[in-house]
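Count the sequence shown with my numbering and you get residues 4 to 141, in order. Inspection log for the structure reproduced underneath, given as structure tokens.
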Amino acid sequence: MEKYFIGIDSGTSGIKAVLFDLKGNELGQKSFPLKGIFPREDMYEEDMLEIWDKAVKCVKAVTGAFPDKEVVGIGITAQGDGLWMVDENMEPVRNGCCFCDGSTYPLSMASSFNSSSGSNGFGFAGFSYAANGTFTLS
Numbered sequence: 004m005e006k007y008f009i010g011i012d013s014g015t016s017g018i019k020a021v022l023f024d025l026k027g028n029e030l031g032q033k034s035f036p037l038k039g040i041f042p043r044e045d046m047y048e049e050d051m052l053e054i055w056d057k058a059v060k061c062v063k064a065v066t067g068a069f070p071d072k073e074v075v076g077i078g079i080t081a082q083g084d085g086l087w088m089v090d091e092n093m094e095p096v097r098n099g100c101c102f103c104d105g106s107t108y109p110l111s112m113a114s115s116f117n118s119s120s121g122s123n124g125f126g127f128a129g130f131s132y133a134a135n136g137t138f139t140l141s
């Protein structure tokens, strides 16, 4: 029986899945655009549930003609850093803050922004952070 790999690329503007055989031949691909959310001029967020939903649709589209039990590996890559918070049930607590979000830039450039001062940039992103490691939506 043939065996297959899936590559998933979750970028800032879209998500794509590609199915490959073990020789590296591309057998199919599917992509969907992602909607950016701009609460303010300096903010860029994405809906984590939209990303998950479109990732699932991509994978189903490329594997539809192939038995899923023959997929032997999945590789995932995603757009840069960010803040992608989930609760204890792995559900998003808010939109994901993308790497290109600039809302904490002024704070990060301030001399008081460092771990020894206890300052952090989460208040700018709509959160407060406690010393015990818990986050609270502001």
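Ideal Cβ placement from N, Cα and C applies to all residues, glycine included. Remember, predicted model here, so these are calculated numbers, not experimental data.
Beta-carbon spacing of residue i, residue j below 8 Å
{"i": "C61", "j": "Q82", "result": "no"}
{"i": "V65", "j": "V96", "result": "no"}
{"i": "L30", "j": "F41", "result": "no"}
{"i": "Y7", "j": "V75", "result": "yes"}
{"i": "G99", "j": "E44", "result": "no"}
{"i": "E94", "j": "M4", "result": "no"}
Outcome for residue i when other beta-carbon atoms lying within 10 angstroms are tallied against a minimum of 16
{"i": "I79", "result": "exposed"}
{"i": "F127", "result": "Confidence at F127 is low in this model, with a pLDDT of 47, below 50, so its placement is unreliable and no value can be given for it."}
{"i": "S13", "result": "buried"}
{"i": "L86", "result": "buried"}
Between the CA atoms of residue j and residue i - distance to the nearest angstrom
{"i": "K57", "j": "I18", "result": "7 Å"}
{"i": "F116", "j": "F35", "result": "Here the model assigns F116 a pLDDT of 46, short of 50, so the residue's position is not dependable, and the following value carries that caveat. Looking at the two C-alpha atoms, the distance is approximately 38 Å."}
{"i": "I77", "j": "D84", "result": "21 Å"}
{"i": "K26", "j": "N92", "result": "38 Å"}
{"i": "V15", "j": "L37", "result": "Rather than Val, the amino acid found at residue 15 in this sequence is Thr. Answer to the nearest angstrom: the Cα atoms are 7 Å apart."}
{"i": "K33", "j": "A68", "result": "13 Å"}
{"i": "I9", "j": "K63", "result": "11 Å"}
{"i": "G39", "j": "V89", "result": "19 Å"}
Boundaries (first-last residue) of the beta strand (DSSP E) holding residue i
{"i": "D24", "result": "G17 to D24"}
{"i": "I9", "result": "Y7 to S13"}
{"i": "C101", "result": "G99 to C101"}
{"i": "K72", "result": "Where K72 is concerned, there is no enclosing beta strand (DSSP E), given that its DSSP letter is neither H nor E."}
{"i": "L145", "result": "Not covered by the structure: residue 145. The range shown for the chain is 4 to 141."}
Extent of the continuous alpha helix (DSSP H) run through residue i
{"i": "V89", "result": "No alpha helix (DSSP H) holds V89; DSSP gives it neither H nor E."}
{"i": "M51", "result": "M51 to T66"}
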